[in-house]
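What follows is a single structure, written as structure tokens, with notes after it.
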Amino acid sequence: MTNRRIIALVDCDSFFVSVEQAENPELKNKPVCVLSNNDGCVVARSREAKKMGITMGMPYFMAKREFKDCTYLSGNHELYENYSKKIMNILKNFSPDVEVYSIDEAFVDLTGVRRLYKKNYADIARMIKSKIMEEVDIPVSIGLAPSKTLAKLASDKAKNTGGLYIIGSRKIFKELKNTKVDEIWGIGNNTASLLRKFGVLNGYELIFQTDEWLKSKINITAVELKHELMGETILKIDSKEKIPKSIQHTSSFKNFSSDKNFIINSLNYHIHRACSRLREIGASCYSVTVLLRTKDFKLYKEKRILSVPTNFELEISAVAKELFEKMYETTVLYRSSGIVLDKFSFKKEEQLYLFDNSEISDKKNKLAKSIDNIEKKYGKNSIKTGY
Ligand SMILES: [Mg+2]
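Adding 703 to a residue's 1-based position in the sequence shown gives its number in this note's numbering.
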């Protein structure tokens, strides 16, 4: 069959932990866990931590009581995002058709790239793996197949087969016989149980149903999936950058604190990061939410809807400070602070009307731009709002 495409799903292994290990090599080959935003639970585990018996989502207090020999780290999402960007850029050097599927996963359309490198696709996948290892020190698993759905299946298997797994056309039937319907990407619990009810238990049985039957008894998605599983490309690689619906920036303090200035400082730092991300995507926001979490994990939130959207740090910190004052109590110990910006506007005019005087508006925009430029040159947080 012609027109077959070659899709790779590149998936970083234990991504958050791998980033921490790349930054601190003394953590390599040791039990390490990364915790969720407010140190609530385990969200990433090294191989050694998995072996110990630490499970995904296990509450931190429980894990540290039962598994004392493991290193637990607060998540540093900004760092993970930086690594993610670097990895995605490496992938874009191999092919322009890269779909960033999540922070640590991407589909890459490699069709035709073989001619460029004069290598077979397996060797190109190995090249990708070693390039990422060389440049950012992150291990990845790669699934290679003629469709996204099969590539996803292959990448799941790659985790246990040295990091590369290929489902070529000739292997499809054999693979699908060994794949239960609920293991197929895109089949949820409800669809899986419906399929089972009709006696369709694995991928192989699924592709032998007619399109009409699948459409009438299951749904139209099942028809698409059937063809994807047969190795036809139905789901295209979507390389457009996804614009987020909201931007959130939070982190836990090193030590619990009631110190008002300290907490406001931390909040301003989050605002600083969130605003530069907002400008990066060319948006301003209507909604500002301040988050405070106490030592006992109680979460307080205050939200303000602005009449005019903004992406300007000084304005957002002024609003955030008022919201903070509403929640803050001198006698309470806090463990983290954060900011959420959402309800975005992408209209340039609206941002200009923000200020009565367009000259001031111009100056503000210029100031924000210079801050971003300085940061590009000298690194993040080389400039911040003074408090
Ligand atoms: Mg992963």
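Positions of the beta carbon are idealized from the N, C-alpha and C atoms, including for glycine. Here the structure is a predicted model, which means the values were calculated and not measured.
Considering only C-alpha positions, which residue in the set the options is nearest to residue i?
| i | options | result |
| --- | --- | --- |
| Ala1071 | Ala1021, Phe1047, His780 and Thr1013 | Thr1013 |
| Lys1004 | Leu1044, Val1011 and Glu1018 | Leu1044 |
| Asp885 | Tyr972, Thr852, Met761 and Asp772 | Thr852 |
| Leu738 | Ser954, Tyr775, Asn706 and Arg1007 | Tyr775 |
| Pro734 | Ser721, Asn741 and Cys744 | Ser721 |
| Ala828 | Ile845, Leu994, Met836 and Thr814 | Ile845 |
| Ile870 | Lys1001, Met933, Ala747 and Asn893 | Met933 |
| Thr913 | Ser896, Asp714, Gly906 and Val926 | Val926 |
| Gly866 | Ile841, Ser777 and Leu1017 | Ile841 |
| Lys754 | Arg899, Tyr804 and Asn732 | Asn732 |
| Asp812 | Tyr786, Ser833, Leu847 and Tyr907 | Leu847 |
| Val803 | Glu1018, Leu1002 and Pro947 | Pro947 |
| Tyr907 | Ser919, Lys880 and Lys918 | Lys880 |
| Asn796 | Lys1050, Ile831 and Leu994 | Ile831 |
| Trp888 | Lys860, Phe901, Gly902 and Phe911 | Lys860 |
Could you check whether the Cβ of residue i sits closer than 7 Å to any heavy atom belonging to ligand 1?
| i | result |
| --- | --- |
| Asp714 | yes |
| Phe719 | no |
| Asp807 | yes |
Taking C-beta to C-beta, are residue i and residue j nearer than 8 Å?
| i | j | result |
| --- | --- | --- |
| Glu838 | Ile793 | yes |
| Phe810 | Leu712 | yes |
| Arg1007 | Val1022 | yes |
| Glu935 | Ser850 | yes |
| Ile1074 | Ala977 | no |
| Cys744 | Gly760 | yes |
| Phe719 | Tyr820 | no |
| Ala986 | Ser1040 | no |
| Leu856 | Ile890 | no |
| Val843 | Asp716 | yes |
| Ser969 | Phe956 | yes |
| Ile709 | Thr814 | yes |
| Lys1046 | Ser1010 | no |
| Ser1020 | Ile950 | no |
| Ile921 | Thr894 | yes |
| Cys736 | Arg750 | no |
| Asn740 | Thr997 | no |
| Ser777 | Asp826 | no |
| Leu898 | Leu909 | yes |
| Asp714 | Glu808 | yes |
| Leu981 | Leu994 | no |
| Ile790 | Ile835 | yes |
Could you spell out where the beta strand (DSSP E) holding residue i opens and where it closes?
| i | result |
| --- | --- |
| Ala986 | Here Ala986 belongs to no beta strand (DSSP E), and DSSP marks it neither H nor E. |
| Val803 | Val801 to Ser805 |
| Val746 | Val745 to Arg748 |
| Lys1004 | Leu1002 to Thr1013 |
| Lys957 | Ser949 to Ser960 |
| Glu808 | Glu808 to Asp812 |
| Phe1047 | Tyr1037 to Ser1048 |
| Gly846 | Val843 to Ala848 |
| Ser777 | Thr774 to Ser777 |
| Asp714 | Ile710 to Cys715 |
| Ile887 | Premise fails: Ile887 is in no beta strand (DSSP E) and is neither H nor E. |
Alpha helix (DSSP H) containing residue i: first to last residue?
| i | result |
| --- | --- |
| Gln724 | Phe718 to Glu726 |
| Ile1019 | Glu1016 to Met1030 |
| Leu898 | Asn892 to Lys900 |
| Leu853 | Lys851 to Ala861 |
| Val926 | Ile923 to Leu932 |
| Asp826 | Tyr824 to Val839 |
| Asp742 | Premise fails: Asp742 is in no alpha helix (DSSP H) and is neither H nor E. |
| Ile790 | His780 to Phe797 |
| Leu879 | Ile875 to Lys880 |
| Leu654 | Not covered by the structure: residue 654. The range shown for the chain is 704 to 1090. |
Exercise for review: State whether the stretch 932-946 contacts the stretch 1018-1029, with contact taken as three or more CB pairs (one from each stretch) at a distance under 8 Å.
Suggested key: They do not touch, by the three-pair rule.
Review point. Does the stretch 952-964 touch the stretch 872-880, meaning 3 or more C-beta pairs lie closer than 8 Å?
Key: The answer is no - the stretch 952-964 does not touch the stretch 872-880, with fewer than three Cβ pairs under 8 Å.
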